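Undergrad: Residue numbers (our numbering): 1108 to 1317. Backbone N, C-alpha and C fix where the C-beta goes; we use that ideal spot for every residue, glycine too. Quick caveat, the model's predicted, so the values are computed rather than measured. One structure, pasted below without further comment.
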């Protein structure tokens, strides 16, 4: 598998119905769209280390690109708010996994692995996540793996209320949340990816910062 920043982006945009939603996300929230591209790149790096088949690896990469497609239905005033969200605003934002699943199903996208990734990528290993409060191995492996790389990229990105973490700080946060937010066995796999394999992702982050 050739690692490239645009692999999942190209694969998904070739699918007309799904691609149109991601193009709309690119227009509505460029930062969210770029996050999806980076998470897909991390998925491409992570996939060979996961206990899944080659066909499943392609689905994992594509699903990681699509994981936040449901944010197209979140109002702009919530999605682009420059500070912390209120409890009500947070409740709306937390609906984006269901919105994403509905969008894919409504456009005849029935890959169960991708649908599960989109719906469950904010579930937590300890059962305190959303939308369904699944825990442990109840959470499909695609979603458990995506939650790690989604959080990792978010930690390295700027937010209105905090500065980005360093990669060392982000690695530490993943370790601290072993078997709490994340599946510890998958965190170990991610943390043991060689630096040379992670280099393309970190190069993308550096170019973004310039």
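1. Look up residue 1216 in the DSSP assignment and say whether it is helix, strand or coil.
2. Report the three-state DSSP secondary structure of residue 1251 (helix, strand or coil).
3. Here's the rule: buried if 16 or more other CB atoms are within 10 angstroms of the residue's CB, otherwise exposed. What is residue 1204?
4. Using only CA atoms, which one of 1152, 1255, 1238 lies nearest to residue 1280?
5. Using three-state DSSP, classify residue 1285 as helix, strand or coil.
6. Taking the alpha-carbon of residue 1276 as reference, which of 1251, 1290, 1258 has the nearest alpha-carbon?
7. With DSSP as the reference, label residue 1231 as helix, strand or coil.
8. Please classify residue 1230 as buried or exposed, where buried requires at least 16 neighbouring CB atoms within 10 angstroms.
9. Check whether the Cβ atoms of residue 1225 and residue 1190 lie closer than 8 Å to each other.
10. By the three-class DSSP mapping on this structure, what secondary structure does residue 1191 have?
11. Starting from residue 1266, follow its DSSP beta bridges and name the residues at the other end.
12. Decide if the segment 1302 to 1310 is in contact with the segment 1142 to 1159; the criterion is three or more beta carbon pairs, one per stretch, under 8 Å apart.
13. Is residue 1299 helix, strand or coil when you go by DSSP?
14. Taking residue 1136 as part of the alpha helix (DSSP H), name the residues at either end of that continuous run.
15. Check residue 1324 in the structure and name its three-state DSSP category.
TA: On the basis of the supplied data:
1. Here residue 1216 sits in coil by DSSP.
2. Here residue 1251 sits in helix by DSSP.
3. When all chains shown are included, residue 1204 counts as buried.
4. For the residues 1152, 1255, 1238, the minimum Cα distance to residue 1280 belongs to 1255.
5. Strand, per DSSP.
6. Of the candidates 1251, 1290, 1258, the residue whose Cα lies closest to the Cα of residue 1276 is 1258.
7. Annotated three-state conformation of residue 1231 is coil, per DSSP.
8. Residue 1230 comes out buried.
9. A distance of 8 Å or more separates the beta carbons of residue 1225 and residue 1190.
10. Secondary structure at residue 1191: coil, using DSSP grouped into helix, strand and coil.
11. 1269, per the DSSP bridge assignment.
12. Below 8 Å, enough C-beta pairs join the segment 1302 to 1310 and the segment 1142 to 1159 to call them touching: three or more.
13. Coil, per DSSP.
14. Counting along the chain, no alpha helix (DSSP H) covers residue 1136, and no H or E run does either.
15. Past the boundaries of the shown model lies residue 1324; the chain is included only from 1108 to 1317, so the question cannot be answered.
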